[in-house]
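Enquirer: In our numbering, the protein residues as written are 114 to 305.
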């Protein structure tokens, strides 16, 4: 699916969410589109450029609030995560100095309990953070970053198709297969 087709499907979803009888597992509202200024401010605060498709989604579809988990985290006045953070605030809270968070991963979808689907700003892949809080403090003892998808477009295409994206045990199996050079999923092999 091309980026243009994906944007159109997401716009259709936006109209569908407005229907009064529609029910979803997590109440989702698509935030109004981001302004050019909000996008520029976010990029300046991140110190990095947002990928073109993500910019288009924020600018043409909505500033977060839809998608897997608690919805896509927006920029500026857009959809906030459950802690009330926008994309940049969430990224900064995780990637602060001496933090355990890699500085090239932007948490885009919040699953709760410090688990995020993250966009790799260097490579474009999506990875899931799976923290281990066995030590009992606020910082995880360990964090796994598991491959979820090769691109934001492929990830959202799977979500639009109704595929279940929230199961960490499935991600662990896929990661093991990926490391062993085996692929059993169409999104891993590059086909759609």
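Beta carbons are placed, not taken as given, at the ideal position from N, Cα and C, and that holds for glycine.
Being a predicted model, the structure only gives us computed values, none of them experimental.
Secondary structure at residue 345, three-state DSSP: helix, strand or coil?
Expert: As shown, the chain starts at 114 and ends at 305. That puts residue 345 outside it, with no answer to give.
Enquirer: One question on the structure: do residue 376 and residue 143 come within less than 9 Å of each other, judged by their Cβ atoms?
Expert: A query on residue 376 cannot be resolved here, the shown segment of the chain reaching from 114 to 305 and no further.
Enquirer: Would you tell me roughly how many angstroms separate the C-alpha atoms of residue 122 and residue 274, rounded to the nearest one?
Expert: Between residue 122 and residue 274, the C-alpha separation is close to 11 Å.
Enquirer: Please classify residue 208: does DSSP put it in a helix, a strand, or coil?
Expert: Reduced to three states, the DSSP call for residue 208 is coil.
Enquirer: Taking only the alpha-carbon atoms, compute the straight-line gap between residue 238 and residue 261 and give it to the nearest angstrom.
Expert: Residue 238 and residue 261: Cα-Cα distance of roughly 8 Å.
Enquirer: Once the 5 residues before and after residue 178 are set aside, which same chain residues still bring their CB inside 8 Å of it?
Expert: The answer, listed in chain order, is 141, 142, 143, 144, 184, 185, 187, 191, 192.
Enquirer: Residue 223 lies in the beta strand (DSSP E); which residues open and close that run?
Expert: Residue 223 -> beta strand (DSSP E) spans 218-225.
Enquirer: Need the endpoints of the alpha helix (DSSP H) that residue 149 sits in, please.
Expert: Counting along the chain, the alpha helix (DSSP H) containing residue 149 begins and ends at 149-159.
Enquirer: What did DSSP end up calling residue 142 once you bin it into helix, strand or coil?
Expert: Three-state result, residue 142: coil.
Enquirer: Please go through the same chain and pick out, in chain order, the residues whose beta-carbon is closer than 6 Å to the beta-carbon of residue 227, but skip the five residues on each side of it.
Expert: Only 244 meet the Cβ criterion.
Enquirer: Looking at the structure shown, is residue 124 part of a helix, part of a strand, or coil, going by DSSP?
Expert: Reduced to three states, the DSSP call for residue 124 is helix.
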